[in-house]
Structures are given as structure tokens and as C-alpha cells.
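Enquirer: Structure below; questions to follow.
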Amino acid sequence: MVTIEQFVKTYDKPGTVILLEGKRAVLPADQPKLFDVGKLLAGSTKHIVFRSGNAKGADYYFSQGVAQVDPSRLQVITPYRGHRRKSNLGHQTFSLDDVDLASEPDVIFHTKNSSSVAPLIDGFLKAGDNALTVKARYLLRDTIKVVGTSRLQPAAFAIFYDDLTRPKTGGTGHTMRVCDKNGIPYIDQKVWFKWIEQ
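Using my numbering, you'd call the opening residue of the sequence shown number 13 and step up by one each time.
Listed below in C-alpha cells is the structure:
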């Protein structure tokens with residue numbers, strides 16, 4: 013089980029991107045823990061860029077902790093321009109609208125390969141936004157958070173807040189599967205809760 017000291021020693025290097033994300037539904041007792049670990053991570057490191065998807069819940073609480081220490085190291089990937097603009101704490105924001113998906117075959121491949129959404133992604137690429145394909149934007153955004161693009165480097169590690177009663181489901185589950193298929197190590201709160209209990 014990785015400790016905070018091991019994590020810092022391994023990953024606090026220039027150019028490292030760490031993904032901080034998870035479920036929208038965060039137990040009230042856990043909300044301050046996400047803030048605390050974001051603050052701990054930013055305060056214990058100098059070089060890491062922390063990446064978020066700007067969603068409600070876990071993404072926001074993690075980001076609040078990082079932003080309190082060093083907002084310049086918070087990067088946000090959004091599904092469309094202006095997504096939750098008032099809640100966006102990121103120093104850098106990249107939108108799916110800024111990505112030429114035709115030039116990013118790896119993003120398409122890894123999104124389709126990590127869940128049973130190939131028809132949804134194909135529909136979005138063919139017809140754009142509609143009631144049936146809107147979810148595709150979020151899945152593509154989640155994939156980019158992990159694998160990056162030609163302009164964004166991939167994540168080196170991911171820290172999740174998951175629903176431990178229904179693990180690896182929904183968008184968080186998709187992001188975890190993208191990590192699995194690309195060899196990106198990750199932990200959930202079973203590990204990092206211990207970091208803030210020390």
C-alpha cells in the first residue's frame with residue numbers, strides 16, 4: 013500500500029500530471045477529507061500538476077484543497093466550453109471543444125475500448141450533440157483526463173473517490189477502466205484516507 017511519502021518521492025517531478033477525481037455523490041462526512049487530501053498533496057509537492065474534470069462532488073472538493081495551496085498547479089478538462097464556469101478553480105482549462113478529435117485517434121480508441129459505448133461515440137462523431145449522444149462528451153473528456161492528447165500529456169497516476177458499495181461504475185468506473193487498460197496506477201479512498209489520518 014503506497015504511503016504519502018512514497019507517492020511524493022515517486023511522482024513529485026517536473027511534468028508529472030496526477031488525476032484527482034471521483035463520484036458526484038460524496039458522503040457528507042467524507043467531503044472535508046477530499047479537501048484535506050487535495051491540500052496535503054499540493055502542500056507536500058512542488059512540481060505535480062493536478063488534473064480535474066470540474067464535476068460536482070469529488071472533483072470540486074479535491075480541487076478546493078489544491079487551489080487553497082497552489083491554484084497554478086490545477087488543470088481542468090471540461091466536456092464543453094463554459095462547463096460549470098463559476099465553480100472552475102483551475103489555472104488552466106482545456107475543453108473538449110478545443111480538441112480536434114479527428115486528429116486524436118487514441119482518444120477515440122481508448123474511449124470505445126474501455127466501455128460498451130462504441131455506438132454512442134460513433135453517433136457523436138457523426139452527428140454531434142443530440143439527446144442520445146450528450147453522454148459521449150463526458151466519456152471522451154474522462155478518457156482525455158487519463159491518456160491526454162497531442163497537446164496534453166497523459167496522467168502518471170490517479171487518485172479516486174469511488175462509491176465503495178458500487179465500485180467502478182458510471183463515469184468514474186469508465187475512467188478507472190481507461191487507467192487499467194493503459195497501465196496507469198491508481199488508488200481510492202481505502203488508501204488515501206490513511207494519508208490524512210497520520
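All C-beta atoms in this analysis are idealised placements derived from N, C-alpha and C, irrespective of residue type, glycine included.
(1) Can you list the alpha helix (DSSP H) stretches of 4 or more residues lying completely in the stretch 108-174, in chain order?
(2) Taking buried to mean at least 16 other C-beta atoms within 10 Å of its own C-beta, is Glu-209 buried or exposed?
(3) Would you call the stretch 194-201 and the stretch 156-172 touching, i.e. three or more CB-CB distances under 8 Å?
(4) Whole angstroms are fine: how far does the CA of Lys-35 sit from the CA of Gln-43?
(5) Suppose you measure from the CA of Lys-202 to the CA of Val-129; what does that come to, to the nearest Å?
(6) Figure out for me which residue from Thr-184, Val-190, Asp-154 has the closest Cα to the Cα of Ile-89.
(7) State the DSSP-derived secondary structure class of Arg-36, mapped to helix, strand or coil.
(8) Just to confirm before moving on: does the CB-CB distance between Leu-31 and Gly-77 stay below 8 Å?
(9) Below 8 Å between beta carbons: does that hold for Ala-114 and Gly-69?
(10) If you follow the beta strand (DSSP E) that Leu-86 is in, where does it begin and where does it stop?
(11) Please classify Gly-185 as buried or exposed, where buried requires at least 16 other C-beta atoms within 10 Å of its C-beta.
(12) Sorted by chain position, which residues of the same chain lie with C-beta nearer than 8 Å to Arg-189's C-beta, five sequence neighbours on each side aside?
Expert: Looking at the atomic coordinates:
(1) Correct list: 117-125, 130-139, 146-159.
(2) Exposed, by the Cβ-count rule.
(3) Contact between the stretch 194-201 and the stretch 156-172 is present: 3 or more CB-CB pairs across the two stretches fall below 8 Å.
(4) Near 11 Å, if we compare the C-alpha coordinates of Lys-35 and Gln-43.
(5) Each residue's Cα considered, the two are about 29 Å apart.
(6) A check of alpha carbon separations from Ile-89 across Thr-184, Val-190, Asp-154 identifies Asp-154 as the nearest.
(7) Secondary structure at Arg-36: coil, using DSSP grouped into helix, strand and coil.
(8) Against a cut-off of 8 Å, the Cβ pair of Gly-77 and Leu-31 comes out as no contact.
(9) No, the pair does not count as a contact, with Cβ atoms beyond the cut-off.
(10) For Leu-86, the enclosing beta strand (DSSP E) has its first and last residue at 86-90.
(11) Buried, since its Cβ has 16 or more Cβ neighbours within 10 Å.
(12) Excluding residues within five positions, the ones whose Cβ falls inside 8 Å are Ser-126, Ser-127, Lys-180.
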